[in-house]
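2 protein chains.
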Amino acid sequence: MLGRLNHVAIAVPDLSIATASYRDQLGARVSQPQPLPEHGVTVVFVELPNSKVELLEPLGENSPIAAFLAKSPDGGMHHICYEVEDILAARDQLVATGARVLGSGEPKIGAHGKPVLFLHPKDFFGTLIELEQV
Amino acid sequence: MLGRLNHVAIAVPDLSIATASYRDQLGARVSQPQPLPEHGVTVVFVELPNSKVELLEPLGENSPIAAFLAKSPDGGMHHICYEVEDILAARDQLVATGARVLGSGEPKIGAHGKPVLFLHPKDFFGTLIELEQV
């Protein structure tokens, strides 16, 4: 089922500082900040040769990363995203094994314009897993 | 400086359960468990098409992931490893910008037999970064 490691998302309290660090200290290629109001984050993409890191800063009220940053004010790794070919088949297969899908259980359109789901971190040893259909 | 995303390491309290989950629930290719006493962990490699996830379980006394699991008993993402071409040049460049290298500051031979360093998570928004020379 699992395909490529699409990205690792890192929640940060200050996106401009984190972006400057990845660009100037770590020497990585970074995108312009992209506000995604429907996802409650502003994101900067760190482009690596084989995958991506996404730096996330809360945007607006009820940001999905606000609680994470309240608990970890310095920031930290928030989730890992794996690609799947068929997200509904993946969901049904996972649910049949007892795994819990967050929210309504229906895929939403994610930050890359593709269907995504999140799996309950309690079912995967404390790791929030995003599945993205590609 | 930053090259490929070499791996994401996930600390887990029970390696056999986590391995079975990645293999049977998530349908990924997993290695046999490999005890690495000199690193204080037993590791299972989850092979993805473009990168790796490493599932880590504490091994022996003074495991470097014991404190992490004491704080997060369910487990969680422990570190992210980026490849660099020249680890000494990378270190010197980072230290010149004020970043802190953990331990003695000298590279050690990591789990893949290559020189590695860890950067202080406080300097990188709560994320423990491993650099590996490839």
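Quick note, the sequences are listed as chains A and B, same order.
So that you can map any letter, position 27 of the first sequence is 27 in the UniProt record's numbering, and since no number is skipped, the others follow by simple counting.
So that you can map any letter, position 10 of the second sequence is 10 in the UniProt record's numbering, and since no number is skipped, the others follow by simple counting.
A virtual CB, placed ideally from N, CA and C, is assigned to each residue, including glycine.
DSSP three-state assignment for residue i, whether helix, strand or coil
{"i": "leucine 119 of chain A", "result": "strand"}
{"i": "phenylalanine 124 of chain A", "result": "helix"}
{"i": "residue 137 of chain B", "result": "No information on residue 137 of chain B is available, as it lies outside the stretch 1 to 134 that chain B covers here."}
{"i": "lysine 108 of chain A", "result": "strand"}
{"i": "alanine 9 of chain B", "result": "strand"}
{"i": "residue 159 of chain A", "result": "Here chain A covers residues 1 to 134 and nothing more, so residue 159 of chain A does not appear."}
{"i": "isoleucine 65 of chain A", "result": "coil"}
{"i": "leucine 55 of chain A", "result": "strand"}
{"i": "valine 95 of chain A", "result": "helix"}
{"i": "leucine 131 of chain A", "result": "strand"}
{"i": "glutamate 47 of chain A", "result": "strand"}
{"i": "valine 85 of chain A", "result": "For the sequence presented, residue 85 of chain A should be read as glutamate rather than valine. Note: glutamate 85 of chain A maps to coil in three-state DSSP."}
8 angstroms Cβ cutoff met for residue i and residue j
{"i": "histidine 112 of chain B", "j": "isoleucine 10 of chain B", "result": "no"}
{"i": "residue 138 of chain A", "j": "proline 58 of chain A", "result": "Since the first residue of chain A shown is 1 and the last is 134, residue 138 of chain A is not available in this structure."}
{"i": "isoleucine 87 of chain A", "j": "leucine 117 of chain A", "result": "yes"}
{"i": "leucine 5 of chain A", "j": "leucine 48 of chain B", "result": "yes"}
{"i": "glycine 75 of chain B", "j": "proline 13 of chain B", "result": "yes"}
{"i": "histidine 7 of chain A", "j": "serine 72 of chain A", "result": "no"}
{"i": "valine 43 of chain B", "j": "leucine 36 of chain B", "result": "yes"}
Proximity to residue i [Cα-Cα], best of the options
{"i": "threonine 97 of chain A", "options": "B:Gly3, B:Gln25, B:Ser16, B:Arg4", "result": "B:Gln25"}
{"i": "glutamate 83 of chain A", "options": "A:Gly27, A:Pro115, A:Leu131", "result": "A:Leu131"}
{"i": "lysine 114 of chain B", "options": "B:Gln133, B:Val101, B:Leu5, B:Asp74", "result": "B:Gln133"}
{"i": "glutamate 38 of chain B", "options": "B:Ser31, B:Asn62, B:Ala28, B:Val44", "result": "B:Asn62"}
{"i": "glycine 103 of chain B", "options": "B:Ala89, B:Gln93, B:Asp92, B:Leu119", "result": "B:Leu119"}
{"i": "arginine 100 of chain A", "options": "A:Gly110, A:Ile129, A:Glu85, A:Ile109", "result": "A:Ile129"}
{"i": "valine 53 of chain A", "options": "B:Glu85, B:Pro64, B:Pro107, B:Gly3", "result": "B:Gly3"}
{"i": "arginine 29 of chain B", "options": "A:Ile17, A:Met1, A:Glu106", "result": "A:Met1"}
{"i": "glutamate 85 of chain B", "options": "A:Ala67, A:Gly27, A:Ala90", "result": "A:Gly27"}
{"i": "glycine 110 of chain A", "options": "A:Ile17, A:Pro64, A:Ser31", "result": "A:Pro64"}
Interface flag, residue i vs chain E, CB-CB below 8 angstroms
{"i": "leucine 59 of chain A", "result": "Looking for chain E here will not work: the only protein chains present are A and B."}
Near the ligand COA: residue i beta-carbon under 7 angstroms from a heavy atom
{"i": "isoleucine 17 of chain A", "result": "The ligand COA is absent from the structure shown, which contains no ligand whatsoever."}
Discussion item. Using a Cβ distance threshold of 8 angstroms, determine whether the segment 10-29 of chain B contacts the segment 108-128 of chain A, with at least three qualifying pairs required.
Written reply: yes
Fill in: the segment 90-105 of chain B: positions lying closer than 7 angstroms to chain A by Cβ
Leu94, Thr97, Ala99
Fill in: Chain-ordered residues of the segment 27-53 of chain B with a beta carbon less than 9 angstroms from chain A
Gly27, Ala28, Arg29, Val46, Leu48, Pro49, Asn50, Ser51, Lys52, Val53
Discussion item. Any C-beta of chain B within less than 7 angstroms: which residues of the segment 107-129 of chain A qualify?
Written reply: Lys122, Phe124, Phe125, Gly126, Thr127
Worksheet item: At a Cβ cut of 8 angstroms, what residues of the segment 74-85 of chain B count as close to chain A, listed as they run along the chain?
Response: Asp74, Gly75, Gly76, Met77, Ile80, Tyr82
Worksheet item: Any residues in the segment 14-28 of chain B with a beta carbon nearer than 7 angstroms to a beta carbon of chain A? Which ones, in chain order?
Response: Ala18, Ser21, Gln25, Leu26, Gly27, Ala28
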